[in-house]
Amino acid sequence: MQETISFAPQLTTSPISEILWLIPAVPIVAAGIIALLRQPRRKVSAALAIASLSFSLLLSLCAFSHVVAGWAHGLALRETFNFTWFQAGATNIDLGWVLDPLSAVMLVMVSFVSLLIFIYSLGYMAHDENFTRFFCFMSLFAGAMLGVVIANSLLLLFMCWELVGLTSYLLIGFWYQKPSAAAAAKKAFLATRVGDVFFLLGIVWLFSQTGTLLLYNNGAGSIESAALSLLLAQPAIWGLTAAGAIGLLIFAGAAGKSGQFPLHVWLPDAMEGPTPVSALIHAATMVAAGVYLIARVYPLMQAGALAGGTTTALTVVTWVGAFTAVFAALIAVAQNDIKRILAYSTVSQLGYMMAGLGMSGVAVGMFHLITHAFFKALLFMGAGSVIHGCSEEQDIRRMGGLKSDMPLTFFTYAIGMLALCGFPLFFSGFWSKDGILEAAQHWSVAKTPFYMLVFGALLTAFYMTRQVAYVFFGHWRGGKEAHESPRVMIVPLAILAFFAMALGALGTPAWPWFRAFLEGRSVGFDWRGFQEPGLMTLMGVSTLIVLAGIGLGWKLYGDQSPKPEEPDALERAIPPIWAALHNRLYVDEFYGVTVIAFYAWWGRVADWLDRWAWGGIVAGVAWSFGLWAQLSRFIDNNFVDGGFDKGCDELVAGGGLLARVQTGRVQTYLRLLALAVLLLAVILIWSSRA
Amino acid sequence: MTPLASCLLVAALLFSIGLAGALTRRNAILVLIGIELMLNAANLNLIAFWRYGPHPELLTGMMFAIFSIAIAAAEAAVGLGLVIQIHRHAHTTDLDAMNRMKG
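Here the protein sequences line up with chains A and B, keeping their order. Under our numbering, the residue at position 387 of the first sequence is numbered 508, and the numbers go up by one with no gaps. Under our numbering, the residue at position 101 of the second sequence is numbered 153, and the numbers go up by one with no gaps.
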């Protein structure tokens, strides 16, 4: 199994790792500036996004070459840069970033693929009125994704993780006028949130046990040996150690993002977004973030493994991955939407990556992640080119014969398809998938995942052949004549096609450069790599499987060009199975009658409680206050008001009486005056006499 | 009868005549004249009390009387002015016709 990887202790921080934060920061700032631009500033916004990402790519390449240079000197480089974000009492909340082979490889892949997809979007989104908004979101996404890659702190990783989730939501719902797109965005957000809750629980648990969220911190990080032995000593439930339980919680988060069964339901629906979004977020980068996360916390997942053994967490990862690989591949066989087939294929390939991680360490899974990113982005962008050329048609039954109408797209798409199928020797998918199959063959726990993955490979070859036969062969069955896409879309396709083939050279058994790089070992070219026992047999078997899948697909669909109304060739052969697969094995329906029904029921209960219990209490209180008010009004009207009104009446009457004295005649007043004087005189005289 | 008592008697007579005039006459000018008579009766009292009081050498009573006469002159001027204005306004000096201040 996997060897223990020993990294050189960090002595100094190189300048490149100190400015590593610029790689995600620049696209995020660019997104902020684009957000402030007005809608018609298309050129400025696209230029900003592409320039910022080019900068990130440049810096990523510098970082990558720095790591490679260190490796060439026999140093397995891991440089971290940590700082305290804030203090809460005696607790430090630290953030930081890390530069090691794993993050360097991901940085280059993410920024390179993102840049190509940005350029491709120039053509694909050219006629969209929300062009500026698109580039704002895309740029934000790229920055957040690069942030996930470099994070050395689970907290920073989680923040960027949520940011990519947010941009994924925004971009799936980019055409929010379409109800299906809005619903798909919501579904994606909620389904990934389920995983994220577990992920957060895992983070909190890890923090409470180790007191730090930094992954690497010169021996004091949470996934370094000191913290791991602490976690291993801590029993959790069901015979798991705390390390295993936290690993499983983190895997739940990864499963949500990476569309692993049973949280895969959002990913096919996410195809409602624009195709560049599907290529970037839902094929190449974001969905791979889950796989990357597992690779990142691999020491935690692996903690407590005996020599050559495995851990509960890794076993779970393997089984879930292998099951997802076959499950999604089965569904992909019976879909008719060009992007949905690719989406299920992505789910399936992510299952392969997870299984590879679970069975054989970081290198195998990550190699498939990198090659898959290139060829799946290629396939999605090819599909986008087809959709663009066929006036937004997505149903493969209404296409056909496009190989003569769109030769360049066909050529690049075929390369992507062969890479995905794992066609021997010249395609990267062959080598990366073979690495996983080899690992499965030698897995100590069970042999079943190996057979599952081989069956998945057969299905992959079959459904891709079916799709290509439908789309590119036969004769045209759509409406308006198809046309080739503009050069700005074709050039990125060609570049990706080149890498979809060339990348395989980095991971052949004779020259396992990629694996050695990730594990910090030296590498040399050696044909004897092929002489490992069973390897040639395995390669032969996998070649046969691929050829069988392609042959079967071609036999059923090749050059047939069935009419859109006709039942599918498989539908005629095995109607009940076809129906089940076509309906996505009823997972959505199952959730509809269980989880969603439960929540709907719970919602009704809460509504009833609100309406009658709480509402009743509130209404009762309101009613009693109303009654009190009525009583007060009665007292006011009949007692208080009565007394007051009476007083007023008296005053008015008295005023009227007095007003009569006021005759207006001067002499009346004089007479009264005289009378008063007389009275005064009488009183005075009277009193002086007494 | 002492000189003081006879003086007071004359003043009382004069006051009564003024009062009767002020109350019975309807002409505003005659009412004013009655008021002047009453005022002068009071002045006569002041002089008498001073002249036959304990300190006739202090001239206090005379000073009072002179002030009072000065004020009476001003009052008469104001009163006559009012009467002229009323006459211009209502073309009469009959007080009974002037009851617009009725409450």
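We put the CB at the ideal spot given by N, CA and C, even for glycine.
Between the Cα of residue i and the Cα atoms of the options, which residue gives the shortest distance?
i	options	result
residue 586 of chain A	A:212, A:459, A:741	A:459
residue 141 of chain A	A:228, A:568, A:477	A:228
residue 552 of chain A	A:504, A:623, A:525, A:571	A:623
residue 251 of chain A	A:172, A:156, A:222, A:323	A:156
residue 375 of chain A	A:593, A:400, A:319, A:694	A:319
residue 828 of chain A	A:201, A:262, A:224, A:381	Nothing in the structure corresponds to residue 828 of chain A, since chain A is present only between 122 and 811.
residue 520 of chain A	A:504, A:532, A:535, A:529	A:504
residue 393 of chain A	A:707, A:508, A:433, A:193	A:508
residue 456 of chain A	A:200, A:515, A:618	A:515
residue 84 of chain B	B:94, B:73, B:93	B:73
residue 343 of chain A	A:169, A:655, A:696, A:325	A:325
residue 635 of chain A	A:486, A:447, A:249	A:486
residue 91 of chain B	B:144, B:137, B:123, B:152	B:123
residue 560 of chain A	A:538, A:476, A:527	A:476
residue 256 of chain A	A:235, A:276, A:267	A:235
residue 669 of chain A	A:583, A:644, A:594, A:626	A:583
residue 600 of chain A	A:672, A:627, A:719, A:684	A:684
residue 653 of chain A	A:629, A:664, A:665	A:629
residue 247 of chain A	A:607, A:390, A:750, A:811	A:607
residue 820 of chain A	A:388, A:340, A:390, A:330	Nothing about residue 820 of chain A can be reported from this structure: the residues present for chain A run from 122 to 811 only.
residue 114 of chain B	B:95, B:129, B:132	B:95
residue 641 of chain A	A:225, A:154, A:146, A:163	A:225
residue 412 of chain A	A:638, A:371, A:401, A:546	A:371
residue 283 of chain A	A:310, A:649, A:687	A:310
residue 161 of chain A	A:249, A:190, A:707	A:249
Going by beta carbon distance, what residues of the same chain come within less than 6 Å of residue i, once the five residues before and after it are set aside?
i	result
residue 124 of chain A	Caution applies to residue 124 of chain A, whose pLDDT of 43 falls short of 50 and renders its modelled position unreliable; the value that the coordinates give is listed next. Closer than 6 Å at the Cβ level, and outside the excluded window around residue 124 of chain A, lies no residue.
residue 303 of chain A	294, 297
residue 217 of chain A	201, 202, 203, 273, 274, 335
residue 321 of chain A	none
residue 97 of chain B	63
residue 564 of chain A	480
Using a threshold of 7 Å, state whether the C-beta atoms of residue i and residue j are closer than that.
i	j	result
residue 479 of chain A	residue 445 of chain A	no
residue 238 of chain A	residue 181 of chain A	no
residue 386 of chain A	residue 709 of chain A	yes
residue 221 of chain A	residue 203 of chain A	no
residue 323 of chain A	residue 367 of chain A	yes
residue 679 of chain A	residue 578 of chain A	no
residue 522 of chain A	residue 597 of chain A	yes
residue 543 of chain A	residue 499 of chain A	no
residue 442 of chain A	residue 496 of chain A	no
residue 792 of chain A	residue 151 of chain B	no
residue 405 of chain A	residue 526 of chain A	no
residue 244 of chain A	residue 149 of chain A	no
residue 138 of chain A	residue 178 of chain A	no
residue 169 of chain A	residue 452 of chain A	no
residue 667 of chain A	residue 573 of chain A	no
residue 425 of chain A	residue 353 of chain A	yes
residue 400 of chain A	residue 502 of chain A	yes
Please go through the same chain and pick out, in chain order, the residues whose beta-carbon is closer than 8 Å to the beta-carbon of residue i, but skip the five residues on each side of it.
i	result
residue 141 of chain B	none
residue 312 of chain A	377, 384, 386, 387
residue 437 of chain A	369, 372, 479
On the DSSP bridge assignment, give the partners of residue i in chain order.
i	result
residue 208 of chain A	A:213
residue 76 of chain A	In the structure displayed, chain A extends from 122 to 811; residue 76 of chain A sits before or after that span and is not available.
residue 629 of chain A	A:632
residue 79 of chain B	B:146
residue 516 of chain A	A:458
Give me, in chain order, the residues of the same chain whose beta-carbon lies closer than 7 Å to that of residue i; leave out the 5 immediate sequence neighbours on both sides.
i	result
residue 104 of chain B	55, 56
residue 423 of chain A	432, 435
residue 158 of chain A	165, 166, 253
residue 135 of chain A	187, 200
residue 491 of chain A	226, 230, 624
Completely contained alpha helix (DSSP H) runs for the segment 719 to 800 of chain A, where each covers 4 or more residues: Correct list: 736 to 756, 762 to 782.
Taking the runs of the alpha helix (DSSP H) that are 4 residues or longer, which of them lie wholly in the segment 315 to 380 of chain A? For the segment 315 to 380 of chain A, whole alpha helix (DSSP H) runs of length 4 or above, ordered along the chain, are 346 to 353, 363 to 378.
Identify every run of the alpha helix (DSSP H) within the segment 255 to 321 of chain A, keeping only runs that are complete inside it and at least 4 residues long; order them along the chain. Look at the segment 255 to 321 of chain A and you find these whole runs of alpha helix (DSSP H), each 4 residues long or longer: 275 to 293.
Starting from the N-terminal side, write out each stretch of the beta strand (DSSP E) that is 3 residues or longer and does not extend beyond the segment 574 to 599 of chain A. When DSSP assignments are scanned along the segment 574 to 599 of chain A, no uninterrupted stretch of beta strand (DSSP E) that is 3 or more residues long falls wholly within it.
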